[in-house]
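So for the sequence shown, the working numbering puts the first residue at 10; every next one is plus one.
Following: one structure in C-alpha cells, then a few remarks.
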Amino acid sequence: MSQAFLEVYRKSLEDPVGFWEREAEKLYWRERWVKTYDDSNPPFYRWFVGGRTNIAYNAVDVHVKGGRGNKAALIWVTPYGETRILRYRDLYREVNRASLLLKSLGVEKGDRVVIYMPMIPEAMIAMLAVNRIGAVHSVVFSGFGAQALAERVIDAGAKLVITADGMRRRGKITPLKPTVDEALKNVEDEVTVLVYRHVGIDVPMKRGRDLLWHEEVSRIPPNAYAEPEWVEGEAPLFILYTSGTTGKPKGIVHLHGQYMVWVRYAFSHLVGAETASRDDIVFFSTADIGWISGHHYGVHGPLLNGLTVLWYEDAPDYPHPGIWWEIVDTYGVTHILFSPTALRLLMRYGEEWPLRYKLETLMALYPTGEVLNEEAYNWMVKYLCRGRESCQVADIWGQTETACFVTAPGSMNLGGFRYKYGSVGLPYPTLRLAVLNDEGKELPPGEKGHVAVKPPLPPAFLHTLWRDPERYVKSYWGAFPGYYLTGDLGYIDEEGYLHILGRSDDVIKIAGHRLSTREVEDLLTSHPAVAEAAVVGMPDPVRGEVLGVFVVPKLGAEITEE
C-alpha cells in the first residue's frame with residue numbers, strides 16, 4: 010500500500026474542511042465564500058456558503074483566457090463520416106451563442122431545462138449554456154420513452170426541452186422529436202421545444218411552441234458574448250433522475266460550487282492531470298450524458314481540467330467489434346471508461362479483435378456502473394493492457410448521488426498504489442466509510458453489511474431530492490441515524506479496501522442464508538462458455554427463495570442439456 014496516499018488521506022481526515030477549501034481556491038470564484046462548511050441543519054450540509062461562481066466559465070473561459078484555446082476540448086467520432094473536433098475556443102463561441110439563445114427564449118436563472126439528445130456536440134453545448142446562464146438542466150437518456158420523459162418534465166417543472174430530430178444506432182435512424190411530442194401531451198404547463206437537426210429527417214413542428222436550433226442561433230453573431238450568471242455556490246446545478254424503490258424516479262440535486270470543486274479535483278487525480286502533460290491526455294468516455302457518469306467523466310471532469318474528451322456516437326460493436334480499439338489507436342486515447350456489460354459484449358467476439366490494434370497509448374481502463382467480474386478483469390489485463398506496467402485496470406465505484414467516484418482506484422495519482430482486484434479502492438480523501446449490520450452497528454474488517462458514510466460528507470454528495478426533502482431524509486438518513494446510507498452492500502478488508510457486492514436489494518435469502526447476487530454471478534461467469542450471467546430470487550415454499558439463473562453463452566460455445 011502507498012504510504013503517500015495514506016498520508017494524504019490521514020491529513021484530510023484531520024481537517025476535511027480545510028482540505029476542500031484549498032481545492033476550491035484553485036477555481037475561479039467571482040465572490041469568495043463567507044463560510045466553508047455549514048452543518049447547522051443536518052442532514053442538509055452546505056459548502057462554500059455565500060460564494061459566487063460559474064462552472065461553465067471555469068470549464069471553458071478559463072482555458073481560453075489562459076492561452077489554451079487551440080487545444081481540443083471534444084473529439085466527436087461517428088461511423089458515418091461526420092467526425093468533429095471542437096477546440097476550447099470553438100466551444101467558447103458556441104456556448105456563448107447558445108446561452109444568448111436560451112435567454113432570448115425566456116430562460117432565466119433557476120429555470121429548469123430538460124435535455125433529451127443523443128451523444129452529439131450540441132448536447133455538451135446545451136449543458137454548458139444552461140450552466141452559464143445559471144439555469145438548471147435535467148438530462149434525460151435518449152433511450153427513454155414518452156412516459157419517462159413526461160414524468161421528468163413535469164417533476165422538474167421544465168420551461169424548455171432541447172432535443173434533436175432523431176438519432177442513429179447501428180446504421181438506423183430513430184426519431185426523437187415525436188417522442189417529445191407524445192410526452193408533452195401529458196404536460197399541462199407551457200413548454201418550449203428547441204430542435205437540433207441532426208439526422209435530417211422531417212419531424213412535425215408545432216407553431217408557437219417548437220423552434221429549430223439552427224434558425225434561432227443563426228440570428229446571433231458568431232462572436233457574441235454572454236456574461237456568465239454568477240450563481241451562489243449552493244445553487245442547484247442540475248437534476249438527474251434515478252430509480253426509486255417506490256417506482257417514482259428520484260430527482261437527485263447537485264449544487265453548483267460543491268459539484269464543481271469535487272469533480273475537478275477527483276477527475277484531475279484520476280487521470281494525473283496535475284502530474285502529466287495535459288496535452289497527452291485523451292479521455293474516451295463511452296458513458297451517455299443521460300447518466301451521472303456521462304456528466305462528470307464526459308463533460309465537466311475533463312473540461313474543468315482543460316483536457317480532451319472523446320465521444321463516440323454509436324454501439325460498441327458497430328460497424329465492427331473492434332471500433333473502440335480502432336478509435337484508441339487513431340486518436341491516441343490514454344484513458345477509457347465503459348460499463349462491464351459493454352466489455353462483456355465485446356468479449357463475446359473474441360480476443361482477435363483487440364489484438365488487431367496496438368493500443369500502446371492506453372494508460373488506464375475504468376469499468377464503472379456495475380460490479381466487475383473477474384473474467385472481464387483478466388481479459389482486459391491480458392488483451393488490452395498486455396502486461397504493460399504503464400497500463401492499469403481499476404474498477405470505479407460511485408453513484409448518481411455522489412457525483413463522482415468516492416473510492417480511489419489503483420491508477421489514482423495520489424501516491425500510485427496498485428489496484429487490488431475485487432475491491433473498488435480506498436476511501437477518497439475526507440471520506441469516512443463504515444460497514445453496518447442491520448441494527449446499525451459498525452462491523453469489523455471482512456464482515457459484510459450496509460456501506461455507509463459518516464459526516465462530514467464531501468462537497469458533491471447530493472444535497473436533497475428535488476421538491477422532496479422529506480424523502481431525501483428518509484431514504485438516505487432514516488435507516489441508521491448519523492450515517493448516510495449508500496444502498497450498497499459490501500465489506501472493508503484488513504487493508505482498508507472497500508469491496509462492493511451489489512445493491513442491498515440484490516441480496517437473496519435462502520433458508521436463512523444471505524447470498525449476494527454478485528458472488529453467484531461471478532462464479533457463473535468464471536465458466537469458459539459463459540459470457541454473461543444474471544441471478545434473481547424466486548419464491549420457494551420450503552426455503553423462502555431459490556436461485557433463478559440466466560446465462561448468455563459465448564459465441565461458438567456448444568450448448569447441451571447437461
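Virtual Cβ for every residue (Gly too), placed ideally from N, Cα, C.
Status (buried if at least 16 other CB within 10 Å, exposed otherwise) for residue i
i: G143; result: buried
i: T455; result: Just to set this straight, residue 455 is Gly in the shown sequence, not Thr. That one is exposed.
i: L12; result: Note on identity: in this sequence residue 12 is Gln, with Leu being the wrong assignment. Exposed, by the Cβ-count rule.
i: T255; result: Note that T255 scores 48 on pLDDT, short of 50, meaning its location in the model is unreliable; the coordinates nonetheless yield the value given after this. Flag for T255 reads exposed.
i: A443; result: buried
i: S420; result: At S420 the pLDDT is 47, less than 50, meaning the model places this residue with poor confidence; the figure from the coordinates comes in the next sentence. Buried: at least 16 other Cβ atoms inside 10 Å.
i: A538; result: exposed
i: F57; result: buried
i: G521; result: With a pLDDT of only 46 at G521, under 50, the local geometry of the prediction cannot be trusted, and the value read off the model is given with reservation. Label assigned to G521: exposed.
i: A167; result: buried
i: M10; result: No answer about M10 holds up, because its pLDDT of 48 lies below 50 and its placement is not dependable.
i: E504; result: exposed
i: T339; result: exposed
i: G491; result: exposed
i: Y89; result: exposed
i: V545; result: exposed
i: V262; result: buried
i: M559; result: Looking at the sequence itself, residue 559 is Phe, so the reference to Met does not match. Burial call: exposed.
i: K186; result: buried
i: T377; result: buried
i: R102; result: buried
i: I568; result: exposed
i: P231; result: exposed
i: L111; result: buried
i: T350; result: exposed
i: R141; result: buried
i: L22; result: exposed
Presumed contact (8 Å Cβ cut-off) between residue i and residue j, rounded CB distance
i: L36; j: R273; result: 6 Å
i: V247; j: S147; result: According to the sequence provided, residue 247 is Phe. The question's Val does not apply to it. F247 to S147, Cβ: 6 Å. Contact.
i: E379; j: S348; result: 6 Å
i: V145; j: P245; result: 5 Å
i: V43; j: G59; result: 4 Å
i: V116; j: V162; result: About 14 Å separates the two Cβ atoms, so there is no contact after all.
i: P7; j: A173; result: In the structure as shown, the chain begins at 10 and stops at 571. Residue 7 is therefore absent and cannot be evaluated.
i: C6; j: V402; result: The structure shown does not extend to residue 6, since the chain spans only 10 to 571, so no value can be given for it.
i: L345; j: L374; result: One point to set straight first is that residue 345 is Ile, not Leu, in the sequence displayed. Contact holds; Cβ gap of about 6 Å.
i: W222; j: V204; result: 6 Å
i: A68; j: L368; result: Contact flag wrong, Cβ pair sits at about 29 Å.
i: W475; j: G260; result: 3 Å
i: T370; j: G341; result: 5 Å
i: D404; j: T343; result: That belief does not hold up - the Cβ atoms of D404 and T343 are roughly 18 Å apart, past 8 Å.
Proximity of residue i and residue j at Cβ, strictly below 9 Å
i: K574; j: T416; result: Residue 574 lies beyond the range of the chain shown here (10 to 571); nothing can be said about it.
i: R61; j: E225; result: no
i: Y358; j: L498; result: no
i: Y125; j: I171; result: yes
i: L472; j: T495; result: For clarity, residue 472 is His in the given sequence; the question names Leu instead. Cβ atoms of H472 and T495: not closer than 9 Å.
i: Y500; j: L440; result: no
i: Y46; j: V73; result: no
i: F292; j: G310; result: yes
i: Y321; j: V433; result: no
i: A543; j: E530; result: yes
i: P237; j: D70; result: yes
i: W362; j: L355; result: yes
i: T534; j: E384; result: yes
i: L319; j: V561; result: no
i: E160; j: K257; result: yes
i: Y392; j: L364; result: yes
TODO: Indicate whether the contact test is met: 3 or more Cβ pairs, each with one atom in the region 299–311 and one in the region 321–335, closer than 8 Å.
DONE: no
Open item on the list: Check whether the region 127–136 and the region 153–165 are in contact - that is, three or more C-beta pairs closer than 8 Å.
Closed with: The region 127–136 is not in contact with the region 153–165.
Open item on the list: If we require 4 or more residues per run, which alpha helix (DSSP H) segments fall completely within the region 458–538?
Closed with: 478–486 and 526–534
Open item on the list: Under 8 Å: do the region 464–475 and the region 259–277 share three or more Cβ pairs, one atom per stretch?
Closed with: yes
Open item on the list: Quick check on the DSSP output: what are the complete alpha helix (DSSP H) runs of length 4 or more inside the region 113–144, in order along the chain?
Closed with: 130–141
Task: Inside the region 199–223 only - beta strand (DSSP E) runs reaching at least 3 residues - done: 201–205 and 219–221
TODO: Pick out the complete alpha helix (DSSP H) segments inside the region 250–296, 4 residues or longer, and give them in chain order.
DONE: 265–280
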